[in-house]
Amino acid sequence: MIEVRVASSPADVATCMRLRWTVFVEEQGVRPSDEVDAHDRTDAVHAIAALDGVPCGAGRFVFVEPGLAKIQRIAVIDDVRGHGIGRALLAFLEDEARRRGATRLTLDAQVHARAFYEKAGYRAHGKQFDDAGIPHIAMTKAA
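In this text, residue positions in the sequence shown follow this note's numbering: the first is -7, and each later residue adds one.
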């Protein structure tokens, strides 16, 4: 069973950070200085996903302006990809952002994940760009 919830304690946030580190730094080769930013310690709302009670995914959002939430850092460990965890994380983050006042959602998708976000209703805009050495595309959706 997949369970997603807000990472409400320092230990939960630390678990999110470990999961992100595994996916982004160890697997994708992102520099540690590009993976962690000030939002992690200040205004980000973190979510943690577990499969059968075992933490396996994380994500976050921040408000970049009133009503506009930016979903970021969705990470699912390799062993459990393809089981709907990313979909559950995204839906949870969207719902939580709406609950906190979002009327629009945005994200910068890794290009290889573009179809995943399109299935969730996001639309790409602008040109492809590089972030932390990985091709990305900006995407938006009405909340």
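Cβ coordinates follow ideal geometry from the N, Cα and C atoms, glycine included.
| Check | Outcome |
| --- | --- |
| Bridge partners of Val(-2), per DSSP? | Ala39 |
| Take the Cβ of Arg23 as the centre, count every other Cβ of all protein chains shown within 10 Å, and call the residue buried at 16 or more, exposed below. | exposed |
| For Gly45, I'd like the list of residues in its chain whose CB is within less than 7 Å of its CB, leaving aside the five on either flank, ordered along the chain. | none |
| Mapping the DSSP letters down to three states, classify Gly78 as helix, strand or coil. | helix |
| Anyone know if the C-beta pair for Gln102 and Ile69 falls short of 8 Å? | no |
| What is the DSSP secondary structure of Pro58, counted as helix, strand or coil? | coil |
| Does Val56 pass the burial test, meaning 16 or more other C-beta atoms within 10 Å, or should it be called exposed? | exposed |
| Can you say whether His117 is buried or exposed, counting buried as having 16 or more other CB atoms within 10 angstroms of its CB? | exposed |
| Taking only the alpha-carbon atoms, compute the straight-line gap between Glu(-5) and Ala41 and give it to the nearest angstrom. | 6 Å |
| Given Asp4, which residues of its chain have a CB within under 6 Å of its CB, disregarding the five upstream and five downstream residues? | Ile40 |
| How is Arg12 classed by DSSP in three states: helix, strand or coil? | helix |
| Please identify the residue among Ala6, Arg79 and Ser1 whose C-alpha is closest to the C-alpha of Ile63. | Arg79 |
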